[in-house]
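So the protein sequences, as listed, match chains Y and C.
Sequential numbering of the first sequence, starting at 156, is according to our numbering.
Sequential numbering of the second sequence, starting at 14, is according to our numbering.
Idealized CB from N, CA, C, for every residue including glycine.
Computed from a predicted structure; not experimentally measured.
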Amino acid sequence: MGSITLQKVSKVFGEAKVIPSIDLEITDGEFVVFVGPSGCGKSTLLRLIAGLEDVSGGHILIDGKDVTQSAPAERGLAMVFQSYALYPHMSVRNNIAFPLKMAKMEKSAIDKKVTDAARVLNLTDYLERRPSQLSGGQRQRVAIGRAIVREPSAFLFDEPLSNLDAALRGTMRLEISDLHHQLKTTMVYVTHDQVEAMTMADKIVVLNRGNIEQVGSPLDLYRSPRNLFVAGFIGSPHMNFVDGAYAQSKNAKTAGIRPEHLNLSKDSGIWRGTVKVAEHLGADTFLHLDVEGIGQITARCDGEFGAYHGDTVYMTPDEAKLHRFDDKGLALKA
Amino acid sequence: MARNVTTKHKITATVAAWIVALIIFFPILYTIITSIKTEPEAIAGFSLWPSGTFENYITVQTQRDYLKPFMNSVILSVGSTILALIIAIPSAWAMAFSPTKRTKDILMWMLSTKMMPAVAVLVPIYLLFRDFGLLDSRIGLTVMLTLINLPIVVWMLYTYFREIPGEILEAARMDGAGLWQEIVYVLTPMAVPGIASTLLLNIILAWNESFWTIRLSTTNAAPLTAFIASFSSPQGLFWAKLSAASTMAIAPILILGWFSQKQLVRGLTFGAVK
Numbered sequence: 156m157g158s159i160t161l162q163k164v165s166k167v168f169g170e171a172k173v174i175p176s177i178d179l180e181i182t183d184g185e186f187v188v189f190v191g192p193s194g195c196g197k198s199t200l201l202r203l204i205a206g207l208e209d210v211s212g213g214h215i216l217i218d219g220k221d222v223t224q225s226a227p228a229e230r231g232l233a234m235v236f237q238s239y240a241l242y243p244h245m246s247v248r249n250n251i252a253f254p255l256k257m258a259k260m261e262k263s264a265i266d267k268k269v270t271d272a273a274r275v276l277n278l279t280d281y282l283e284r285r286p287s288q289l290s291g292g293q294r295q296r297v298a299i300g301r302a303i304v305r306e307p308s309a310f311l312f313d314e315p316l317s318n319l320d321a322a323l324r325g326t327m328r329l330e331i332s333d334l335h336h337q338l339k340t341t342m343v344y345v346t347h348d349q350v351e352a353m354t355m356a357d358k359i360v361v362l363n364r365g366n367i368e369q370v371g372s373p374l375d376l377y378r379s380p381r382n383l384f385v386a387g388f389i390g391s392p393h394m395n396f397v398d399g400a401y402a403q404s405k406n407a408k409t410a411g412i413r414p415e416h417l418n419l420s421k422d423s424g425i426w427r428g429t430v431k432v433a434e435h436l437g438a439d440t441f442l443h444l445d446v447e448g449i450g451q452i453t454a455r456c457d458g459e460f461g462a463y464h465g466d467t468v469y470m471t472p473d474e475a476k477l478h479r480f481d482d483k484g485l486a487l488k489a
Numbered sequence: 014m015a016r017n018v019t020t021k022h023k024i025t026a027t028v029a030a031w032i033v034a035l036i037i038f039f040p041i042l043y044t045i046i047t048s049i050k051t052e053p054e055a056i057a058g059f060s061l062w063p064s065g066t067f068e069n070y071i072t073v074q075t076q077r078d079y080l081k082p083f084m085n086s087v088i089l090s091v092g093s094t095i096l097a098l099i100i101a102i103p104s105a106w107a108m109a110f111s112p113t114k115r116t117k118d119i120l121m122w123m124l125s126t127k128m129m130p131a132v133a134v135l136v137p138i139y140l141l142f143r144d145f146g147l148l149d150s151r152i153g154l155t156v157m158l159t160l161i162n163l164p165i166v167v168w169m170l171y172t173y174f175r176e177i178p179g180e181i182l183e184a185a186r187m188d189g190a191g192l193w194q195e196i197v198y199v200l201t202p203m204a205v206p207g208i209a210s211t212l213l214l215n216i217i218l219a220w221n222e223s224f225w226t227i228r229l230s231t232t233n234a235a236p237l238t239a240f241i242a243s244f245s246s247p248q249g250l251f252w253a254k255l256s257a258a259s260t261m262a263i264a265p266i267l268i269l270g271w272f273s274q275k276q277l278v279r280g281l282t283f284g285a286v287k
């Protein structure tokens, strides 16, 4: 079991209100991602759940039990840190076995668990090595191994992939998702990378300045962002925001249109723009355009479209996929 | 081509390093050479070729027993180092792991005491020692050496402890380690190399300290520094005997230093390269 409930949780550092007040429900077995720009309080929130920071107000419940005042180890959670935080003086085997030794488990049981975890994580050949002799990806796996042997009620990940290179990040992303399918244990994952959030999460929690902006499945957030912040944060490249006459014609203060929801043509369309930069990714091309009377617009088109710096391109927004926001930045219902 | 340049560069660097090392080591080398000269040879002028006599060592040993000052040196340097560590470990620990706004100021203030010339406090210290009956006592000198080196010991330990990442301690806490287990299984193994090199460096500093040890001791508590000095006084200067005494005094610490090079270098360059 591993449900986590936050009730009016707040955190104050000196004068700074990092988290004003948060209510959140994480159900058992869910993969929840906290995402937001740096300084939005997502890591602090995770550390509050872990018990590494004391809450300034409110309650934290794990499986219905109030753990607000409990020490980190008593909460039955396991955490994977950004820096991996492996014990440098211990072998991989002892690193993974450490939490079991602390739990005073029998030696034969520890050996079996460590061997099993090493097999799952492809670490069998490295058990006698020190962390300094491993690559970044292997260290990350050791950190995960140390977490899974404890059979925690939930895993907490604090930006675990940010120290890895892009290729390895992709692989580890799949491995963690795969692990979640195998273990079916609650996972709470913190990242500033919206691609990680979209690809891994069952439920995304978008945070901004210590407040929850929106909670929902990746596609919910993509299709119906609640406000300008979520609309701009989720999706890559970012959504285009258009003010002025065009927005007013749609009865909104601001109109939002995703780069992939612009129909492009070389001869006709309602907006006319000049290509500033064309990023050719192969299958897709991102066009960064200067549009008359509108400003900067990013459009996503097929790799075969063939537009280059200086070309004139016409665009028509897909009306069905247009987002409209009022003067408070909140989304207007269609 | 690139490889050629590198090799050339390496050779130059090696030669330069050897020259610098020789210049630094030369006074010690010349002391050893002089110690195996006869007295007339020793005052005759610069020469690197001694006659190879060990007479001076025998004379030195018969005139003044080596063992007593040697034991005093051991007691003073080891004793003062252990005392300094007992005080410095908790204080450096506190400053490294729970720093306050004033931590930097306190560290600076500690170091500033080392900026004062020792002779400036000679008279008050001497009078204090006299009034407390500490003159020529091992306890008095041990305390004195502890206090002299304490700022350096605290600074070194502080930089070591600062290098232990906080996340590792948090990981241990998540893994169910209590405070005591955290100290025994995680912190201590990571801190031991730092403590070891601090210990070694401080023993060397205490062993070589001569200003206070010579001035505050006469016979009972006199360490090897006073032993050397005693050969330069009443009857005039006997270079060869003085050199023999010096060689005997520095030999133990040189040997200790040689065997603990790795720890020492790590200690001295710690924090310099990250």
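In or out: Phe244(C) buried (at least 16 other Cβ within 10 Å) or exposed?
buried
So for Ile217(C), helix, strand or coil by DSSP?
helix
Skipping 5 residues on each side, what residues in its chain have a beta carbon closer than 7 Å to that of Thr199(Y)?
Lys166, Val173, Ile174, Glu208
Hey, how far is the Cα of Val197(C) from the Cα of Met84(C)?
34 Å
When you compare the CB positions of His347(Y) and Pro227(Y), do they come within less than 8 Å of one another, or not?
no
For the stretch 332-350 of chain Y, enumerate the residues whose C-beta is nearer than 7 Å to any C-beta of chain C, in chain order.
none
Counting only Cβ-Cβ distances shorter than 7 Å, please list the residues of the stretch 252-272 of chain Y near chain C, keeping chain order.
Phe253, Pro254, Met257, Ala258
Identify the continuous alpha helix (DSSP H) that holds Met353(Y) and give its terminal residues.
349-355
Pick from Gly411(Y), Ala402(Y), Ile389(Y), Lys421(Y) that is closest to Val190(Y), judged by C-alpha positions
Ile389(Y)
If you scan the stretch 297-329 of chain Y from start to end, which runs of the beta strand (DSSP E) of 3 or more residues do you find wholly inside it?
309-313
Determine the contact status of Pro286(Y) and Pro254(Y), defining contact as a CB-CB distance below 8 Å.
no
Relative to the C-alpha of Gly484(Y), which candidate in Ala386(Y), Pro392(Y), Gly219(Y), Asp178(Y) has its C-alpha closest?
Ala386(Y)
Looking at the structure shown, is Gly196(Y) part of a helix, part of a strand, or coil, going by DSSP?
coil
Are the C-beta atoms of Glu54(C) and some chain Y residue less than 8 Å apart?
no
Taking the CB atoms as reference points, tell me whether Ile88(C) and Pro63(C) lie closer together than 8 Å.
no
To which residues of the same chain is Leu370(Y) closer than 6 Å at the C-beta, ignoring the five residues directly before and after it?
In the sequence as displayed, the identity of residue 370(Y) is Val instead of Leu. Once the five neighbours on either side are set aside, the close Cβ partners of Val370(Y) are Val360.
Just reading off the beta strand (DSSP E) that Pro472(Y) is part of, what are its end residues?
467-472
Let me know if Ala57(C) comes out buried or exposed under the rule of 16 or more other beta-carbons within 10 Å of its beta-carbon.
exposed
Kindly indicate the opening and closing residues of the beta strand (DSSP E) around Asn85(C).
From DSSP, Asn85(C) is part of no beta strand (DSSP E) but of the alpha helix (DSSP H) over 80-110.
Just to make sure I have the definition right: I need the residues of chain Y whose C-beta is within less than 7 Å of the C-beta of Gln194(C). Which are they?
Met257
Could you tell me whether the Cβ atoms of Val298(Y) and Ala252(Y) are closer together than 8 Å?
The amino acid at residue 298(Y) is misidentified as Val; the sequence shows Ala. Result no, Cβ atoms of Ala298(Y) and Ala252(Y) do not sit closer than 8 Å.
At the 8 Å Cβ level, is Pro178(C) part of the contact set with chain Y, yes or no?
yes
In this structure, what does DSSP give as the bridge partners for Met342(Y)?
Phe186(Y), Phe310(Y)
According to DSSP, simplified to helix, strand and coil, what is Ala233(Y)?
strand
For the putative contact between Tyr463(Y) and Arg427(Y), defined by C-beta atoms under 8 Å, what is the C-beta separation to the nearest angstrom?
Rounded, the Cβ-Cβ distance is 17 Å, inconsistent with contact.
Can you tell which of Ala321(Y), Ile217(Y), Thr409(Y), Asn249(Y) has its C-alpha closest to the C-alpha of Arg301(Y)?
Asn249(Y)
Could you tell me which chain C residues have their CB closer than 7 Å to the CB of Ser308(Y), listed as they occur along the chain?
The premise fails here: Ser308(Y) is roughly 13 Å from chain C at the closest Cβ pair, so nothing lies under 7 Å.
For Arg248(Y), which three-state DSSP category applies?
helix
Would you say Arg115(C) lies against chain Y (beta-carbon separation less than 8 Å)?
no
Express the C-alpha separation of Leu192(C) and Gln224(Y) in angstroms, rounding to a whole number.
17 Å
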